[in-house]
Amino acid sequence: IAWCKAANCTIEIDAMGNIFAKRQGKENTLPAILIGSHLDSQPTGGKYDGVYGVLAALELVETLNDQNILTNAPLEVVSWTNEEGARFAPAMIGSGVFADVFTLDYAYSREDSKGKTLGNELVRIGYKGNDPVNLKKYKASFEVHIEQGPILEAEEKQVGIVTGVQGIRWYDL
């Protein structure tokens with residue numbers, strides 16, 4: 049957030065804890081372009097997992113600022129809450145609430161292994177924002193993401209295009 053503020057972005061945190069950093073455009077009535085990822089990870093995600101996408105989006109904003117380029121539409125850097133689901137299952141809760149896949153009440157009720165709920169933890173750390181979730185509409189959304197698994201390397205490819213996403217079912221036994 050401090051880096052985004054230093055890049056002249058305004059910060060909004062929605063009721064799900066998703067962070068949006070907005071850089072104004074020439075025509076701020078246009079739908080914004082959303083760019084980002086997440087800051088949480090999981091045990092084998094590596095240190096750049098979703099962080100790379102958030103930092104790449106911020107780098108784009110900073111480069112545009114350095115070059116005095118004002119885009120037509122506003123840009124928004126996003127950091128989704130609990131995308132990996134490493135603490136609160138299932139994964140993709142922040143973006144899932146945003147996309148109406150999960151309800152806010154469902155997300156808030158998710159418990160970690162110690163019985164702490166996501167909703168109470170967002171309050172505890174000061175990231176249960178006041179802004180409604182999913183009232184904004186975007187022109188487009190981009191996510192630069194790094195997966196440190198062996199598939200692309202084994203196929204000697206540098207870039208992969210996502211054509212689907214995995215489904216996960218969680219059980220506590």
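Position 67 of the sequence shown, counting from 1, maps to 115 under my numbering, and the rest follow consecutively. Positions of the beta carbon are idealized from the N, C-alpha and C atoms, including for glycine.
Quick one: is residue i buried, meaning 16 or more other Cβ sit within 10 Å of its Cβ, or exposed?
i, result
"Pro91", "exposed"
"Ile49", "exposed"
"Thr77", "exposed"
"Ser143", "buried"
"Val125", "buried"
"Glu191", "buried"
"Gly98", "buried"
"Ala139", "buried"
"Asp114", "exposed"
"Asp148", "exposed"
"Glu201", "exposed"
"Gly101", "buried"
"Leu221", "exposed"
"Val145", "buried"
"Ile141", "buried"
"Glu169", "buried"
Going by DSSP, name the residue or residues bridged to residue i.
i, result
"Trp51", "None; Trp51 has no bridge partner."
"His86", "Trp128"
"Asp97", "Partner(s): none; Asp97 has no beta bridge."
"Lys306", "Not covered by the structure: residue 306. The range shown for the chain is 49 to 221."
Taking residue i as the reference, give the member of the options with the closest Cα.
i, options, result
"Leu123", "Lys164, Gly133, Asn56, Phe146", "Asn56"
"Asn130", "Leu118, Gln115, Phe150, Ile117", "Phe150"
"Glu75", "Thr119, Tyr100, Val102", "Thr119"
"His193", "Asn113, Gln115, Ile209, Gly73", "Ile209"
"Leu231", "Asp148, Tyr96, Gly73, Gly93", "In the structure as shown, the chain starts at 49 and stops at 221, and residue 231 therefore has no counterpart that could be examined."
"Gly93", "Ser189, Ile117, Glu132, Tyr175", "Glu132"
"Gly174", "Trp51, Thr58, Asp62", "Asp62"
"Ser189", "Pro79, Asn116, Gln206", "Pro79"
I believe residue i touches residue j by the beta-carbon criterion, under 8 angstroms. Please report the beta-carbon distance rounded to the nearest angstrom.
i, j, result
"Ala121", "Lys187", "6 angstroms"
"Arg158", "Leu166", "5 angstroms"
"Phe136", "Asp153", "The Cβ separation is near 14 angstroms, so there is no contact."
"Ala134", "Ser89", "7 angstroms"
"Ser127", "Leu87", "5 angstroms"
"Glu60", "Lys53", "Not really, about 12 angstroms apart at Cβ, beyond 8 angstroms."
Taking Cβ positions only, does residue i come closer than 8 angstroms to chain D?
i, result
"Thr111", "The question asks about chain D, but that chain is absent: this structure has only one protein chain."
Give a yes or no on contact between the region 169–179 and the region 49–68, applying the rule of three or more CB pairs nearer than 8 angstroms. Touching, yes.
Is there contact between the region 70–85 and the region 94–111, where contact requires at least three CB pairs shorter than 8 angstroms? Enough Cβ pairs lie closer than 8 angstroms, so yes.
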